[in-house]
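Trainee: The structure under discussion is supplied below as structure tokens; questions concerning it will follow.
Have a look at this one:
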């Protein structure tokens, strides 16, 4: 089955399970809004691509890992948009969850999505204990307070921030979990896959900082110019636009070089390049060629 | 080892792991504030009591379940205290997390505690796949958007609320997870333990509503009179003080009668009665005798 379709079907199964009656209807609706609002599914696609490159002999496991990562990502977006953080009215061109459903349901939808992410891994855990143990640890690290997305967002509340540490946690954590988790789901030796995820995560974050600096709200479906407005550390603030473009280029090249030997190496490489072109601002897509 | 000590040691191990360097120091501090601020540990004590009543042959599993439940509970308290919900300045006589660390770190500390709860179960998952699968499902249900604490809090955002559904999700879910999870951790048939948790959860919630109505802020370490102020459904609003006292009494009696046959039945019964006396408002403690 085509990866995009696999991902949407797996997400639908997970959210149907998490929001079936007798749950409170407005919370269910807020959760669906958070998950099914046109996300690019970058992380689950990367996870499935790595699993496929490693043989993908247990698709139920790679589907679960991909789904869990996307749910954790959606949770972080909902919470990041809250008034106390970015106070963003728009996300992917639609009202953010707190704008559409209020702040209370946005907090709770994010919480429920974190729970659902782990629930999805819990469902497959008994059938493949060793792989699932690694997948659970990978997801927990990616979400956590040390090097995960909670840490990444929290670095914005510290007086001293190192930009690479901040980016590694805020964005790199879920990308590293996508590659390590995808390899784990396929029963491969997972640690050699970490560098690919880390490099792609950094590249994606630099790309995001560039989009914030040079794109229009219409083009990317969310407010731009937010990084300087929120005093947030950004590659553009540190390296300028040209410096950030060079950094992005180097990160993508490093990422591709880091791919471990595996049956589907060439296909994975092509898929990653295609994906990076798709998600980067159009003016910049030549740099990663 | 004495249960209180087991719980504190297990919580300390979990939080040390979740907040070790290189995590952002203020987030780590906010997480510690949320977990180590004098909680009564009602849910993990209930979990260990049930595990002990069922033989507790794998204490690492019951410790993990008890810890995970308390972390999920702490997360819900941090988020419930936020300005968009209760806007509570105090919790257990200390500043609430958002008062002490700001709203951003309160959101993130709650998120990280949910992640850590599942991480703790993930650590023991490979060593006992069948029991851990049940424990993971139990935790996910207890935290979730259908019948878990996210649902419970979200019922406050609906126009139509049934008080039993609301209480069952908001408080009963974690109590049911404590009994079902404790029994699962000990390898017992877990479903027959659900009624005990559900009844105790309802009793505890009715007791909480009564505390809000008749106690002083000094006596319980948090603002009182919040339920009518927040237009929140409450047993006192529906049944009055006398009606709530009678309901509480009946729930505790039903709970004790529901205990399934097990080696440690009498000790468990005595422990539950002692615990209910300890946590209920002093003026009411006679009712549960």
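Residue numbers (my numbering), protein chains in the order written: chain A, 1 to 289; chain B, 1001 to 1289. Yeah, the Cβ is synthetic: ideal placement off N, Cα and C, and Gly gets one too.
1. Which residue from B:1207, B:1190, B:1174 puts its Cα closest to that of residue 1198 of chain B?
2. Ignore the nearest five residues each way along the sequence and tell me which others in residue 1032 of chain B's own chain have a CB closer than 8 Å to its CB.
3. What residues of chain A sit near residue 1175 of chain B, judged by a beta carbon separation below 9 Å?
4. Once the 5 residues before and after residue 1058 of chain B are set aside, which same chain residues still bring their CB inside 8 Å of it?
5. Across the stretch 1092–1100 of chain B and the stretch 1046–1053 of chain B, are there enough close Cβ pairs to call them in contact, namely three or more that are closer than 8 Å?
6. Specify whether the stretch 67–76 of chain A and the stretch 198–207 of chain A touch according to this definition: at least 3 beta carbon pairs, one from each stretch, less than 8 Å apart.
7. Return the first residue and the last residue of the alpha helix (DSSP H) that residue 226 of chain A is part of.
8. Give the straight-line distance between the Cα atoms of residue 208 of chain A and residue 1232 of chain B, rounded to the nearest whole angstrom.
9. Please check the pair residue 1268 of chain B and residue 1259 of chain B, which I expect to be a contact at CB under 8 Å, by giving their CB distance rounded to whole angstroms.
10. Starting from residue 1165 of chain B, find everything on chain A with Cβ-Cβ shorter than 8 Å and list it in chain order.
11. Taking only the alpha-carbon atoms, compute the straight-line gap between residue 149 of chain A and residue 190 of chain A and give it to the nearest angstrom.
12. Taking the alpha helix (DSSP H) that residue 202 of chain A falls in, what are its first and last residues?
13. According to DSSP, is residue 232 of chain A helix, strand or coil?
14. Strictly below 8 Å CB to CB, what residues from chain A border residue 1137 of chain B?
15. Kindly provide the ranges of any alpha helix (DSSP H) runs that are 4 or more residues long and lie completely inside the stretch 51–96 of chain A, ordered along the chain.
16. Alpha carbon to alpha carbon, what distance is there between residue 247 of chain A and residue 155 of chain A?
17. Which stretch, first to last residue, makes up the alpha helix (DSSP H) that contains residue 1130 of chain B?
18. Below 8 Å between beta carbons: does that hold for residue 165 of chain A and residue 1022 of chain B?
19. Name the two residues that bound the continuous alpha helix (DSSP H) containing residue 8 of chain A.
20. Could you work out which residue in A:62, A:93, A:115 is closest to residue 76 of chain A when comparing CA atoms only?
21. At what residues does the alpha helix (DSSP H) containing residue 116 of chain A begin and finish?
22. Roughly how far, in whole angstroms, is the beta-carbon of residue 1120 of chain B from the beta-carbon of residue 1061 of chain B, given that I think they are within contact range, below 8 Å?
23. Mapping DSSP to helix, strand and coil, what is residue 1147 of chain B?
24. Shortest alpha-carbon distance to residue 226 of chain A belongs to which of A:152, A:257, A:86?
25. Measure the C-alpha to C-alpha separation of residue 1224 of chain B and residue 1090 of chain B and round it to an integer number of angstroms.
26. By the criterion of Cβ-Cβ separation under 8 Å, what are the contact partners of residue 1146 of chain B in chain A?
27. For residue 1239 of chain B, which residues from the same chain have a beta carbon less than 7 Å from its beta carbon, with the 5 sequence-adjacent residues on both sides left out?
28. Starting from the C-beta of residue 1145 of chain B, find all residues in its chain whose C-beta is less than 8 Å away, skip the five residues before and the five after it, and write them out in chain order.
29. Out of curiosity, what's the CA-to-CA distance linking residue 257 of chain A and residue 56 of chain A?
30. So, using beta-carbon positions, are residue 1106 of chain B and residue 1027 of chain B closer together than 8 Å?
31. Using only CA atoms, which one of A:8, A:53, A:263 lies nearest to residue 41 of chain A?
32. For residue 82 of chain A, which residues of its own chain have a beta-carbon under 8 Å away from its beta-carbon, when the five flanking residues on both sides are left out?
33. For residue 244 of chain A versus residue 236 of chain A, is the C-beta distance shorter than 8 Å?
34. Rounded to whole angstroms, what's the CA-CA distance from residue 1011 of chain B to residue 30 of chain A? Just pull it up for me.
Mentor: Reading it off the structure:
1. B:1174
2. 1015, 1019
3. Simply none; closest approach about 17 Å.
4. 1128, 1131, 1185, 1186, 1187
5. no
6. no
7. 226–229
8. 42 Å
9. 6 Å
10. 22
11. 20 Å
12. 194–214
13. coil
14. 119, 122, 123
15. 59–80
16. 22 Å
17. 1129–1143
18. yes
19. 3–19
20. A:115
21. 103–125
22. About 11 Å separates the two Cβ atoms, so there is no contact after all.
23. coil
24. A:86
25. 10 Å
26. 18, 19, 20, 21, 22, 23
27. 1247
28. 1151, 1154
29. 22 Å
30. no
31. A:8
32. 98, 103, 106, 107
33. yes
34. 32 Å
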